[in-house]
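First to last, the protein sequences are chains A and B.
Quick note: the first sequence uses our numbering, first residue 474, plus one each step.
Quick note: the second sequence uses our numbering, first residue 2, plus one each step.
Cβ atoms here follow ideal geometry from the backbone N, Cα and C, with glycine treated the same way.
Source: prediction; values computed, not measured.
Encoded as structure tokens, the structure appears first; notes follow it.
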Amino acid sequence: MRKYLSFFRIRFIAGPQYRAAAWAGIATQFAWGGMNILMFRAFYESGQNSFPMPFSSLSSYIWLQQAFLALFMAWFFDSEIFDSIVSGNIAYELCRPCDIYGMWFTKNLAIRISRAVLRCMPILIFAFLLPKPYCLSLPADLLSAVLFGVSTVLGLLVIVSFSMLIYISAFYTVSPMGVRILATSVIEFFAGALIPIPFFPQWLQPFIYALPFASMQNTPFLIYTGFLSGWEAVKSIGLQLIWFIILFVLGQLLIKHAIKKVVVQGG
Amino acid sequence: MQYKASFFMTALGQFLISFTTFIGMYFMLSRFNSVKGFSLSEILICFSIVLMAFSITECFARGFDVFPRLIRSGDLDRIIVRPRGIVFQVLTSNMEFSRVGRLLQAVIMLAYAIPACGVQWTWDKVLTLALMLFGGVAVFTALFILYAGISFFTIEGLEFMNIFTDGSREFGKYPLSVYGEGMLKIYTFVVPIALFQYYPFLYLVGRSDNLWYAFLPLLAALFIIPCYLFFRFGLRKYKSTGS
Chain A
474 MRKYLSFFRI RFIAGPQYRA AAWAGIATQF AWGGMNILMF RAFYESGQNS FPMPFSSLSS
534 YIWLQQAFLA LFMAWFFDSE IFDSIVSGNI AYELCRPCDI YGMWFTKNLA IRISRAVLRC
594 MPILIFAFLL PKPYCLSLPA DLLSAVLFGV STVLGLLVIV SFSMLIYISA FYTVSPMGVR
654 ILATSVIEFF AGALIPIPFF PQWLQPFIYA LPFASMQNTP FLIYTGFLSG WEAVKSIGLQ
714 LIWFIILFVL GQLLIKHAIK KVVVQGG
Chain B
2 MQYKASFFMT ALGQFLISFT TFIGMYFMLS RFNSVKGFSL SEILICFSIV LMAFSITECF
62 ARGFDVFPRL IRSGDLDRII VRPRGIVFQV LTSNMEFSRV GRLLQAVIML AYAIPACGVQ
122 WTWDKVLTLA LMLFGGVAVF TALFILYAGI SFFTIEGLEF MNIFTDGSRE FGKYPLSVYG
182 EGMLKIYTFV VPIALFQYYP FLYLVGRSDN LWYAFLPLLA ALFIIPCYLF FRFGLRKYKS
242 TGS
């Protein structure tokens, strides 16, 4: 466990090194969130009745999305890992006295968390200070705040264990670029990063909820905004846990299989 | 084109990224029918023009997008000493043809949207459409050049510029008046996206009779001049990173 902690620490500390970049990033995200809210406002003005959630909840959803973008970003893949598989440096990694899955997992976790820690506070504070209904409102009650916390952690674990599968696929394809872009667009869409899942057509929703992607950012944000509450919220957290276990075990099995057959490409 | 499978996967992925944007838009409009009075097919015209202009620009002006890398690695020094125009060299240094996935989608959407809007093909409409596309490519090229110009001073690529490049593509999918008066003004006078997307579009779908709107993209194309001058200014101040 100690060695994973130190992997985590190394990656975590590397994050805040580029502070100017972080500020530029925060400004970008703020503008991005603002534009999104303006877009949804136009829809809200055209048809209030077809709006699945109150406009103020939607604003909260979008600000949370921006604040925790780094936790749930679909496009982030550590290119070091892909490079090591493609170039053959994986051979060194395999020599290390620790489990390669665990090592990559903690690495990814650490990068995401350290970026999010650096960026979330300014965005959350700014968003709180905005006038209603464009601001980020507080969660409905203490219980949903606690559930939001639990669900955020689980959502993060689900997306990291899913991206592990993409890393592992590089063992089989060698040129990971295509799979990576495909995975990104699929995750973005089904996780509700483009438009929140409640805005999807009614008939499609059961299918979407049956996929692992709905257990990423969707669940915590919907709990926060009060769209999911009480028993519903607990059930979706259970679903997140199930998906995490499935993806985690699947990843372990696949990596064992891949390593047994791995052919290091010279170099 | 060496790795064929990867090329097609990447092109497919590019296609899928903008295709999911389209599906999202479709879901929203099937729920609400219209936004600020614009129907899906009208919005698709805006979306396809912006997407088409952006992907054409990205195919050819990609070199400016990776420009910060040229500065950091010091490769720019080699480019400067060669007896050819620097813009020409940067343009030809990097062409990204996997963007055809996006381009294809834009063409399909346009082919669907034009008849669906009931646009009569008269010469002025054809001209408007061509000018919109021309203006779009010019503005996006200008933005890429501006981005490269700024990186003379910051060395790092600035994530902030993404609001204008990627952001314009992303938010230009709806007619810009959707975002409210204030935003429309910004997109008219600061970054002239509305000049090739919104006003000529009004003329194209017959919401406005003002023929002048059709020629606004030419005005938008002038945006390239200040951006280029800024780039020259940055180039004069350029100090090599030495690496």
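**OP:** Report yes or no: do the stretch 159–173 of chain B and the stretch 186–203 of chain B share at least 3 C-beta pairs separated by less than 8 Å?
**Re:** Contact holds: three or more Cβ-Cβ distances are below 8 Å.
Subject >> Arg-83/B versus Val-559/A: straight-line alpha-carbon distance, rounded >> reply: Walking along the second sequence from the start, residue 83/B turns up at place 82. Walking along the first sequence from the start, residue 559/A turns up at place 86. So the two alpha carbons sit approximately 35 Å from each other.
Original post:
What does a CB cutoff of less than 6 Å around Gly-809/A pick up in its chain, not counting 5 residues either side in sequence?
Top reply: Past the boundaries of the shown model lies residue 809/A; chain A is included only from 474 to 740, so the question cannot be answered.
Original post:
In chain B, which residues lie with their C-beta within 9 Å of the C-beta of Ser-642/A?
Top reply: Here the question's residue 642/A lines up with position 169 in the first sequence. Neighbours of Ser-642/A on chain B: none; closest Cβ ~12 Å, over 9 Å.
Original post:
On the three-state DSSP scale, how would you describe Val-206/B?
Top reply: Residue numbering aside, residue 206/B sits at position 205 when the second sequence is read from its first letter. Residue state, collapsed to three classes: coil.
**OP:** Give a yes or no on whether 9 Å exceeds the smallest Cβ distance from Met-437/A to chain B.
**Re:** The first residue shown for chain A is 474 and the last is 740, placing residue 437/A beyond what the model contains.
Subject >> Three-state class that DSSP yields for Phe-190/B in the structure shown >> reply: Along the second sequence, read from residue 1 onward, the residue named residue 190/B stands at position 189. Of the three classes helix, strand and coil, the one that applies to Phe-190/B here is helix, per DSSP.
Original post:
Does the Cβ of Leu-677/A have 16 or more other Cβ atoms within 10 Å, making it buried, or fewer, making it exposed?
Top reply: Here residue 677/A refers to the residue found at position 204 of the first sequence. Counting Cβ neighbours within 10 Å, Leu-677/A comes out exposed, since fewer than 16 surround it.
**OP:** Determine which residues of the stretch 181–196 of chain B have a Cβ less than 7 Å from any Cβ of chain A, and write them out in chain order.
**Re:** Listed by position, the residues of the stretch 181–196 of chain B near chain A (Cβ gap below 7 Å) are Gly-181, Met-184.
**OP:** Inspect the beta-carbon positions of Phe-635/A and Met-689/A and report whether they are closer than 9 Å.
**Re:** As a first step, residue 635/A is located in the first sequence; it is residue number 162 there, counting from the start. As a first step, residue 689/A is located in the first sequence; it is residue number 216 there, counting from the start. In this structure, Met-689/A lies closer than 9 Å to Phe-635/A by Cβ.
**OP:** Would you identify the three-state DSSP class for Phe-8/B, choosing helix, strand or coil?
**Re:** Here residue 8/B is taken as the residue at index 7 of the second sequence, counted from 1. DSSP places Phe-8/B in helix when its eight states are reduced to three.
**OP:** Pick out whichever of Thr-657/A, Ala-706/A, Gln-713/A has its Cα sitting closest to the Cα of Ala-683/A.
**Re:** Locating residue 683/A in the first sequence gives position 210, counting from the first residue. If we check each option's Cα against that of Ala-683/A, Gln-713/A comes out closest.
Original post:
With 9 Å set as the bound, which would you pick, yes or no: does the beta-carbon of Leu-13/B sit closer than that to a beta-carbon of chain A?
Top reply: Counting from one through the second sequence, the residue named residue 13/B turns up at place 12. Cβ-Cβ to chain A under 9 Å: yes for Leu-13/B.
Subject >> Cβ of Glu-661/A within 9 Å of any chain B Cβ >> reply: In the first sequence, residue 661/A corresponds to position 188, counting from 1. Proximity of Glu-661/A to chain B, defined by a Cβ-Cβ separation below 9 Å, is satisfied.
Subject >> Minimum Cβ-Cβ distance from Ile-24/B to chain A less than 9 Å >> reply: For this step, residue 24/B is matched to residue 23 along the second sequence. At least one chain A Cβ lies under 9 Å of Ile-24/B.
Subject >> Candidates Phe-8/B, Thr-22/B, Lys-37/B, Leu-13/B: closest to Phe-662/A by CA position >> reply: Against the first sequence, residue 662/A aligns to sequence position 189. Minimum Cα distance to Phe-662/A is reached at Thr-22/B.
**OP:** Provide the residue(s) that pair with Phe-39/B in DSSP beta bridges, ordered along the chain.
**Re:** The residue you call residue 39/B lines up with position 38 of the second sequence. Val-36/B.
Subject >> Assigned secondary structure, Cys-571/A (DSSP; H/G/I helix, E/B strand, else coil) >> reply: The count along the first sequence starts at 1 and reaches residue 571/A at position 98. The DSSP-derived three-state label of Cys-571/A is coil.
**OP:** Determine contact between the stretch 110–120 of chain B and the stretch 41–50 of chain B, defined as no fewer than three beta-carbon pairs at a distance below 8 Å.
**Re:** Yes: the two stretches touch, three or more of their Cβ pairs being nearer than 8 Å.
Subject >> As assigned by DSSP and simplified to three states, the class of Gly-183/B >> reply: Taking the first residue of the second sequence as 1, we reach residue 183/B at position 182. Reduced to three states, the DSSP call for Gly-183/B is helix.
Original post:
Are Ile-584/A and Phe-549/A touching if we call contact CB-CB under 9 Å?
Top reply: Here residue 584/A refers to the residue found at position 111 of the first sequence. Here residue 549/A refers to the residue found at position 76 of the first sequence. Against a cut-off of 9 Å, the Cβ pair of Phe-549/A and Ile-584/A comes out as a contact.
Original post:
So what's Met-546/A in DSSP terms, helix, strand or just coil?
Top reply: Here residue 546/A is taken as the residue at index 73 of the first sequence, counted from 1. Reduced to three states, the DSSP call for Met-546/A is coil.
Original post:
Taking the alpha-carbon positions, what's the Arg-484/A to Ile-641/A distance?
Top reply: As a first step, residue 484/A must be located in the first sequence, where it is residue number 11. As a first step, residue 641/A must be located in the first sequence, where it is residue number 168. Taking the straight line from one Cα to the other gives about 21 Å.
Original post:
My guess is that Leu-638/A and Leu-720/A are in contact by the Cβ rule of under 8 Å, so how many angstroms apart are they, rounded?
Top reply: The residue given as residue 638/A occupies position 165 in the first sequence. The residue given as residue 720/A occupies position 247 in the first sequence. Sure, about 7 Å apart at Cβ, within 8 Å.
Original post:
Which residues of chain B have a Cβ atom closer than 8 Å to the Cβ of Leu-655/A, listed in chain order?
Top reply: Taking the first residue of the first sequence as 1, we reach residue 655/A at position 182. Those are Met-10, Leu-13, Gly-14, Leu-17, listed as they occur along chain B.
**OP:** Give the residues of chain A in contact with Met-29/B, contact being defined as C-beta atoms less than 8 Å apart.
**Re:** Translated into the one-based positions of the second sequence, residue 29/B becomes position 28. Residues of chain A passing the Cβ test: Phe-516, Ile-668, Phe-672.
**OP:** My understanding is that Thr-698/A touches Ser-533/A, with C-beta atoms under 8 Å, so please give their C-beta distance in whole angstroms.
**Re:** Here residue 698/A is taken as the residue at index 225 of the first sequence, counted from 1. Here residue 533/A is taken as the residue at index 60 of the first sequence, counted from 1. The C-beta distance from Thr-698/A to Ser-533/A rounds to 5 Å, short enough to fall under 8 Å.
Original post:
Looking at the C-beta of Thr-21/B, does it have a partner C-beta in chain A at a distance below 9 Å?
Top reply: Position 20 of the second sequence, counted from the start, is the residue given in the question as residue 21/B. At least one beta carbon of chain A lies nearer than 9 Å to the beta carbon of Thr-21/B.
Subject >> Under 7 Å (Cβ pairs) to chain B, residues found in the stretch 580–596 of chain A >> reply: Residues of the stretch 580–596 of chain A that bring their beta carbon within less than 7 Å of a beta carbon in chain B are absent altogether.
**OP:** Check whether the Cβ of Leu-41/B lies closer than 9 Å to any Cβ atom in chain A.
**Re:** The residue given as residue 41/B occupies position 40 in the second sequence. Taking Cβ atoms only, chain A never reaches closer than 9 Å to Leu-41/B, which makes this a no.
Subject >> Rounded separation between Phe-161/B and Phe-197/B - CA only >> reply: The residue labelled residue 161/B in the question sits at position 160 within the second sequence. The residue labelled residue 197/B in the question sits at position 196 within the second sequence. One C-alpha to the other measures close to 23 Å.
**OP:** Determine the contact status of Gly-137/B and Gln-15/B, defining contact as a CB-CB distance below 9 Å.
**Re:** For the purposes of this step, residue 137/B is taken as residue 136 along the second sequence, with counting starting at 1. For the purposes of this step, residue 15/B is taken as residue 14 along the second sequence, with counting starting at 1. No, these two residues do not count as a Cβ contact at 9 Å.
Original post:
For the candidate residues Gly-711/A, Met-526/A, Lys-733/A, whose alpha-carbon lies nearest to that of Pro-685/A?
Top reply: Within the first sequence, residue 685/A is the residue found at index 212, counting from 1. For Pro-685/A, the nearest C-alpha among the options comes from Gly-711/A.
Original post:
Using the beta-carbon of each residue, which ones in chain B are nearer than 7 Å to Ser-658/A?
Top reply: The count along the first sequence starts at 1 and reaches residue 658/A at position 185. Neighbours of Ser-658/A on chain B, chain order: Gly-14, Leu-17, Ile-18, Thr-21.
Subject >> Start and end residues, alpha helix (DSSP H) containing Glu-661/A >> reply: The count along the first sequence starts at 1 and reaches residue 661/A at position 188. In the DSSP annotation of this structure, the continuous segment of the alpha helix (DSSP H) that includes Glu-661/A starts and ends at 650–664.
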